[in-house]
Amino acid sequence: MKILLVSYYPLPYAGGIWTVVSNLQQKLLSLGHQVDLFSQRPDLSGYRMHHLDHGMMLEAMRPKIMARMNVECPYHHQHSIIQKAEIYRLNFEMTLREYGLESYDIIHAQDVTAAQIIGTMKPAHIPLVTSAHGSLTKEIFLVLKSVYPQLSEHSILTGRDFKYYQKLEEQGYKGSKYIHTQSRWMKSQIEVDFRVPPSKVISYPLGIHNKQIGTPVSKRGQKKILIFSGRVIYLKGITFLLEALSQVNMVREDWDCLIVGDGDYLPAAKALARRLQLNDRVSFLGHMQSMESILAQGDVLIQPSLQDTQPLSVVEGQLAGLPAIVSDAAGLPEMIQNGLNGLIVPTGDVRSLKNAIVELLNDDDRRCRMGHAAVAWANERWTLDAMVSQTLALYKRALS
Numbered sequence: 022m023k024i025l026l027v028s029y030y031p032l033p034y035a036g037g038i039w040t041v042v043s044n045l046q047q048k049l050l051s052l053g054h055q056v057d058l059f060s061q062r063p064d065l066s067g068y069r070m071h072h073l074d075h076g077m078m079l080e081a082m083r084p085k086i087m088a089r090m091n092v093e094c095p096y097h098h099q100h101s102i103i104q105k106a107e108i109y110r111l112n113f114e115m116t117l118r119e120y121g122l123e124s125y126d127i128i129h130a131q132d133v134t135a136a137q138i139i140g141t142m143k144p145a146h147i148p149l150v151t152s153a154h155g156s157l158t159k160e161i162f163l164v165l166k167s168v169y170p171q172l173s174e175h176s177i178l179t180g181r182d183f184k185y186y187q188k189l190e191e192q193g194y195k196g197s198k199y200i201h202t203q204s205r206w207m208k209s210q211i212e213v214d215f216r217v218p219p220s221k222v223i224s225y226p227l228g229i230h231n232k233q234i235g236t237p238v239s240k241r242g243q244k245k246i247l248i249f250s251g252r253v254i255y256l257k258g259i260t261f262l263l264e265a266l267s268q269v270n271m272v273r274e275d276w277d278c279l280i281v282g283d284g285d286y287l288p289a290a291k292a293l294a295r296r297l298q299l300n301d302r303v304s305f306l307g308h309m310q311s312m313e314s315i316l317a318q319g320d321v322l323i324q325p326s327l328q329d330t331q332p333l334s335v336v337e338g339q340l341a342g343l344p345a346i347v348s349d350a351a352g353l354p355e356m357i358q359n360g361l362n363g364l365i366v367p368t369g370d371v372r373s374l375k376n377a378i379v380e381l382l383n384d385d386d387r388r389c390r391m392g393h394a395a396v397a398w399a400n401e402r403w404t405l406d407a408m409v410s411q412t413l414a415l416y417k418r419a420l421s
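The opening position of the sequence shown corresponds to residue 22 in this note's numbering, with each subsequent residue numbered one higher.
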């Protein structure tokens, strides 16, 4: 098959999606398929086909983009969030039209925005499948809530910004022949919120190269290492993590926390850590190409997200033998056997998160048992071969 993988967002980029997409592409290539990848450039300067490494740069296209916006949607100029999204969306569309889609057997969008654009321009005979790695409208709602704290939830839900993304997500699903989700939660959201037939939504987990990084060790009397890995953004629950760690610090001092990742919330997170007097406990390490050395030091992984479907940080942590403490948001509870290989706490509940951290710090033997259970669970569930096999089955179903 000749396959096109497409992302509206930049690739390579810090985060689990790049790991998934690059692993999928390499595995499909090894099986004899031709696989091209189209995405935004990491510096946001334009879109490109990766194997050609050239495309139409955003600044060169800006006059044409603004001319189209003036005709098609002049009101977008009054809304900076929508205007920026539309500029990228039109840059995506115009660049991809230059490459053409006619030679592909199937197109696999890695987000609903890419699906929405492709659905309006692809040849009718080429099927489009979409991997919904997260709920766009629910994430946008939380972002808008943090950007405009003075607005009521009703005002956000009925506002133009939210409605723009809601329509975009609806159109993306409508234009897809099949939709892949990683969690039962996400499957249910799509079917209920967007009235998509259940037969159109196929659920199976993401997988990566299952390379065990370490063996759980009981560190009696030693300082314990807590790890957060992911984009440092509001949606990942960094604020609640730091507030919980401030409470942990009042009862135990034999721990450090490593925060690995970059994001637009990083300056605010560092400032909050200083205010909470956590400078000696919390280290911000920035983005790292490989997590192996960090995870090998770790004792507990913490993922307190407000919205997450199947973060690969939890997968990698489990493969490293770390029990995970996760929030009960979205698809996260499906990744954990509560009390067996990790703990689940209510989303945004600082006290419960603090209690869970202390619980695992207090019991070395239990934490070690949970780590062994996490490895076994991860090796069974998060395999690249299984993900690729199910993806190929989805392609064949879409082509039939």
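Glycine included, C-beta positions come from ideal geometry on N, C-alpha and C.
All values derive from a computational prediction rather than experimental measurement.
Looking at the DSSP output, Gly307 shares a beta bridge with Val281. For the pair Glu212 and Gln137, the CB atoms are not nearer than the 9 Å cut-off. Going by beta carbons, Gly342 and Val269 fall outside the 9 Å limit.
For Leu415, same chain residues with a beta-carbon under 8 Å away, outside a window of 5 residues either side, are Val150, Tyr199, His201 and Ile223 in chain order.
The way I'd put it, the region 258-272 does touch the region 293-307; three or more beta-carbon pairs between them come closer than 8 Å. For Lys85, the uninterrupted alpha helix (DSSP H) segment begins and ends at Leu79 to Glu93.
DSSP, reduced to helix, strand and coil, places Gly369 outside both helices and strands of the structure shown, so it counts as coil.
Three or more beta-carbon pairs drawn from the region 22-32 and the region 129-149 are found closer than 8 Å, and the two stretches are therefore classed as touching. Here Gln324 is near Gly251, since their CB atoms are less than 9 Å apart. With fewer than three CB-CB distances shorter than 8 Å, the region 178-193 does not count as touching the region 359-374.
If you draw a straight line from the Cα of Ser334 to the Cα of Met391, it comes to about 17 Å. In the three-state reduction of the DSSP assignment, Arg62 falls in the coil class. For Ser156, the closest alpha carbon among the candidates Gly193, Val321, Leu361 and His71 is that of Gly193. Secondary structure at Ser209: helix, using DSSP grouped into helix, strand and coil.
In the assembly as shown, Ala106 is a buried residue. Its beta-carbon has 16 or more other beta-carbons within 10 Å. The residue from Leu340, Thr158 and Ala377 with its alpha-carbon nearest to that of Gln210 is Thr158. Beyond the five residues adjoining it in sequence on each side, Ile346 comes within less than 6 Å, by CB distance, of Ile323, Leu364 and Ala377 in the same chain, given in chain order. Looking at the DSSP output, Leu26 bridges to Leu58 and His129. For Arg69, the uninterrupted beta strand (DSSP E) segment begins and ends at Tyr68 to Met70.
Scanning Gly140, Ile259 and His230 for the CA closest to the CA of Leu279 turns up Ile259.
If you draw a straight line from the Cα of Leu52 to the Cα of Asn44, it comes to about 12 Å. Beyond the five residues adjoining it in sequence on each side, Gly319 comes within less than 6 Å, by CB distance, of Ile246, Ile248 and Leu343 in the same chain, given in chain order.
For Tyr199, the uninterrupted beta strand (DSSP E) run begins and ends at Tyr199 to Thr202, by DSSP. The C-beta separation of Val168 from Arg273 comes to about 35 Å, leaving the pair out of contact by the 8 Å criterion.
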